[in-house]
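Quick note: the sequence shown, position 120, residue 119 per numbering that gives the first Met the number 0, numbers continuous. Idealized CB from N, CA, C, for every residue including glycine. Report on one structure; see the data block that follows.
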Amino acid sequence: MRLNNKTAVVTGAAGGIGQAIIQKLLTEGARVVAADLSADALKVFQDIPADKLVTFAVDVTDFKQVEAMVKHAADTFGQLDIMINNAGIGLAKPLLDHDPVGDFDPVTNVNQKGVYHGIVAAGRQFRDQGTKGVIMNTSSVYAQMAAEMTFTYNVSKAAVDMMTKCAALEFAPIGVRVCAIAPGRVDTPMLRQYEALGLWEHIRKEQMRNTFTQPSEIADVVAFLVSDEANCINGCTVNASDGFENFKYPLLG
Ligand SMILES: NC(=O)c1ccc[n+]([C@@H]2O[C@H](COP(=O)([O-])OP(=O)(O)OC[C@H]3O[C@@H](n4cnc5c(N)ncnc54)[C@H](O)[C@@H]3O)[C@@H](O)[C@H]2O)c1
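In structure tokens form, the structure reads like this:
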């Protein structure tokens, strides 16, 4: 098992991609702190033994809470080895309809500042432990593409990519790798919002394989990236997107 006895924190744990990452890390031998907004949402993990997984209610927009989450992981399992900053939210709204007072900050605070909080808290923990570590951020191919309706989301994910590069540079001397993964369209509650808009079939046909990426496929890539097999991958964003960013859709109508 690639992650035997490693301790990982995963934020956005109760969501589609977070749950899949946690399942995969557990099968690879890791011990996990599953963190999400509410204790209620975290009940999905209640059947997993406490020597394998503990839950932690956190709002990643609050640095003190993120710091406490990291400390809880080290106190519970001995040390932190892997930090996965995965929590994220979206906003689908044309830019001209934005409320500039209320629409920018919520997405930015979770997707950008939340990842920043995780990077700093985990980096300090690794430095204080004197151990190597890996920080993995969930970005999106929307960081690399313009898209209608998702202005704040794309901007926040572009920030994730740059934070990944800068943190990798600053943390390399203490033996910490920092990477990001960029999914395309993954079948999770976040993507299912398109169903309510009546756009599900439309966007499915835009996919090269005519199907969405599964959360487990993202989890497989993450498990590799946080393992020692990926030691030479650092300071970059790895696309796991079914090639979504490479094509102007629809492909053949
Ligand atoms: N689903 C996709 O198509 C897709 C594509 C690219 C990137 N992503 C990214 O993947 C990550 C996971 O998304 P998902 O698709 O699993 O979505 P999801 O909505 O299923 O899960 C997101 C989780 O984050 C949690 N969360 C939200 N705000 C939080 C906060 N302030 N503090 C702590 N937790 C918070 C939610 O409670 C939820 O459980 C996100 O960063 C998202 O932007 C998703």
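- By the CB criterion at 7 angstroms, Val225 and Val133 fall inside the cutoff.
- Rounded to whole angstroms, the Cβ separation of Phe125 and Ile81 is 10 angstroms, and the two are not in contact under 8 angstroms.
- Nearest C-alpha to Asp241 among Gly234, Lys204, Cys235: Lys204.
- Per DSSP, the continuous alpha helix (DSSP H) segment holding Arg203 begins and ends at 199-204.
- Residue state for Cys165 is assigned as helix, using DSSP reduced to three classes.
- Thr75: member of the alpha helix (DSSP H) spanning 62-76, first to last residue.
- Contact check for Ala12 and Asp35: beta-carbon distance about 5 angstroms, within the 8 angstroms limit, so the pair qualifies.
- Selection Asn85, Gly15, Asn233, Val220 evaluated against Ala171 yields Asn233 as nearest (Cα-Cα).
- Excluding its 5 nearest sequence neighbours in each direction, Ala33 has C-beta neighbours in its own chain below 8 angstroms: Val9, Ala12, Ala13, Gly17, Ile21, Leu41, Phe44, Leu52, Val53, Thr54, Phe55, listed in chain order.
- Between the region 114-122 and the region 62-76 there are three or more inter-stretch CB-CB distances shorter than 8 angstroms, so the stretches are counted as touching.
- Around the beta carbon of Val100, fewer than 16 other beta carbons lie within 10 angstroms, which makes this residue exposed.
- Pairing Gln192 with Gly77, the inter-Cα distance amounts to about 39 angstroms.
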